[in-house]
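Colleague:
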Amino acid sequence: MPVPKPWLEELTLNKLHRLATALGTSCSGTKLARIEAIHRAISNTVGEGDNRSNLSNLSLLSIDMGIRNLAFAHLTAPVEEVVRPLKHVRYSRPTLQAWRRIAVAEFLNSTRSSALERSKDTAVELAGATKESFEPIDYARHAYNLVKYMLQTYQPNYILIERQRFRSGGQSSVQEWTLRVGVFEGMLYAGLRTLVEEYQLQLGVEPMLPPRVNRYWLEGRQGLLASKNKRLVGRDVKKAKIDLVGNILGGQSSTICIGEDIQPEAADFVSRWNKVSKGERAAATNMSKLDDLADSLLQGLAWIHWQNNRRRIEVLGRDAVDMESGTLW
């Protein structure tokens, strides 16, 4: 059922900001703009309603964009039914089934199995071993082969793709490398659309804005982006996200389950994270590799949480929200 407008209009701008953060939608603009953004988010919830048949078990592929450092996480989550205070369905605790960081050209030019194995530690080095082509005709082939491989291997019903920004950190110039990644991003969408139309696949594809993901994890949960005294930027944001994933995988969180096949990768992440935390010599290189993996995982987990939060508000309305703070109960 639709969310009534009156109770949303009772919330102040700051409270609407907190609610929008929990739903993964826009936090900027006038009060009316924020309310409309919240309504759009709720109306776009996957599998609306309280019927289990409206929502399928999730197979989610979350992609952190790159060419020499593309990372992806495959998460699965069964549907469960919640009966109190009102009956509704949601995704239960997700399981991390696959987690990779690859150099695209090397990955696709090698045999698939050996490329995956080698890419764990040497993605950047392998990419630089041979002359790399950035011609559109070559990357069109890479994009098609990559999406076809991912669809066949992981059989996702939703794919998230990190949205690229041409400028970051207030820079006025546009770096050539960001243009290349942006072109490749567009090719992934085109390849996916072609395969969806050709084979009539039941597949949702969504862009993910990094600021919204960062806001959810670092502001919504820790207040680090909102506090003027603790505001994180640049490298500190990366480290905070790596720390989050390190704590999740290190057993300090019940956020996810770790699939049996992926446990070595999870253990390797925690090992590298511990070295970064201790400030060892290879920390800078380790941090770069961990950052891409952390982004792909947090992006996927945030989307799952957003879907559950949106569905909860759809069913419970104002009873899902603490009207004094704008946070979800």
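Take the sequence shown: its letter number 181 is residue 183 in the working numbering, and every next letter is one higher.
Just so you know, even glycine gets a beta-carbon here, dropped at the ideal spot from N, CA and C.
As the structure is a computational prediction, the values presented were derived from the model and not from experiment.
Restricting to runs no shorter than 3 residues, where is the beta strand (DSSP E) found entirely within the stretch 82-115?
Modeller: 90-93 and 97-104
Colleague: Taking the beta carbon of Pro-213 as the centre, do at least 16 other beta carbons fall within 10 Å, making it buried, or is it exposed?
Modeller: exposed
Colleague: For Leu-203, which three-state DSSP category applies?
Modeller: coil
Colleague: Can you tell me whether Pro-158 is buried or exposed? The criterion is at least 16 other CB atoms within 10 Å of its CB, across all chains shown.
Modeller: buried
Colleague: Taking only the alpha-carbon atoms, compute the straight-line gap between His-90 and Glu-83 and give it to the nearest angstrom.
Modeller: For His-90 and Glu-83, the distance between alpha carbons rounds to 6 Å.
Colleague: On the three-state DSSP scale, how would you describe Phe-136?
Modeller: coil
Colleague: On the three-state DSSP scale, how would you describe Ser-58?
Modeller: coil
Colleague: Quick one: residues in its chain with C-beta nearer than 6 Å to the C-beta of Ser-327, no 5 flanking neighbours on either side, listed in chain order?
Modeller: There are no such residues.
Colleague: Is Leu-25 near Leu-13, with beta carbons less than 8 Å apart?
Modeller: no
Colleague: Short of 7 Å in beta carbon distance, which residues of its chain neighbour Lys-240, apart from the five on each side in sequence? Order them along the chain.
Modeller: Met-289 and Asp-293
Colleague: Could you give the first and the last residue of the continuous beta strand (DSSP E) run that contains Leu-77?
Modeller: 72-79
Colleague: Give every residue of the same chain whose Cβ lies closer than 6 Å to the Cβ of Lys-291, excluding the five residues on either side of it in the sequence, and list them in chain order.
Modeller: none
Colleague: Closer than 8 Å is the cut-off here; do at least three beta carbon pairs connect the stretch 262-279 with the stretch 36-46?
Modeller: no
Colleague: Please go through the same chain and pick out, in chain order, the residues whose beta-carbon is closer than 8 Å to the beta-carbon of Ile-260, but skip the five residues on each side of it.
Modeller: Thr-97, Leu-98, Leu-251 and Ala-268
Colleague: Evaluate contact between the stretch 59-71 and the stretch 179-192, counting only Cβ atoms and requiring at least three cross-stretch pairs below 8 Å.
Modeller: yes
Colleague: Between Leu-299 and Ala-75, how many whole angstroms is the CB-CB distance? I'm expecting something under 8 Å.
Modeller: 5 Å
Colleague: Would you list, in sequence order, the uninterrupted alpha helix (DSSP H) runs of no fewer than 4 residues that lie entirely inside the stretch 243-312?
Modeller: 265-279
Colleague: With DSSP as the reference, identify every bridge partner of Ile-161, one or two as the case may be.
Modeller: Leu-63 and Val-207
Colleague: Leu-72 and Ile-104: beta carbons closer than 8 Å?
Modeller: yes
Colleague: Measure the C-alpha to C-alpha separation of Lys-33 and Arg-167 and round it to an integer number of angstroms.
Modeller: 26 Å
Colleague: Excluding the five sequence neighbours on either side, which residues of its own chain have a C-beta within less than 6 Å of the C-beta of Tyr-160, listed in chain order?
Modeller: Leu-62 and Gly-206
Colleague: What are the boundary residues of the alpha helix (DSSP H) that Glu-38 is part of?
Modeller: Secondary structure note for Glu-38: its alpha helix (DSSP H) is the uninterrupted segment 33-45.
Colleague: With distances taken Cα to Cα, identify the nearest neighbour of Val-235 among Gly-248, Ile-315 and Leu-220.
Modeller: Leu-220
Colleague: To which residues of the same chain is Leu-295 closer than 7 Å at the C-beta, ignoring the five residues directly before and after it?
Modeller: Ala-73, Trp-101, Arg-103 and Phe-271
Colleague: Just the C-alpha distance for Leu-18 and Ile-315, rounded to the nearest angstrom, thanks.
Modeller: 13 Å
Colleague: Let me know if Ala-107 comes out buried or exposed under the rule of 16 or more other beta-carbons within 10 Å of its beta-carbon.
Modeller: buried
Colleague: Rounded to whole angstroms, how far is the Cβ of Arg-165 from the Cβ of Leu-211, which I believe are closer than 8 Å?
Modeller: So it is a contact: roughly 5 Å between Cβ atoms.
Colleague: Rounding to the nearest angstrom, what Cα-Cα distance links Asn-216 and Ala-304 in this structure?
Modeller: 9 Å
Colleague: Which word fits Val-48, buried or exposed, when buried means at least 16 other C-beta atoms lie within 10 angstroms of its C-beta?
Modeller: buried
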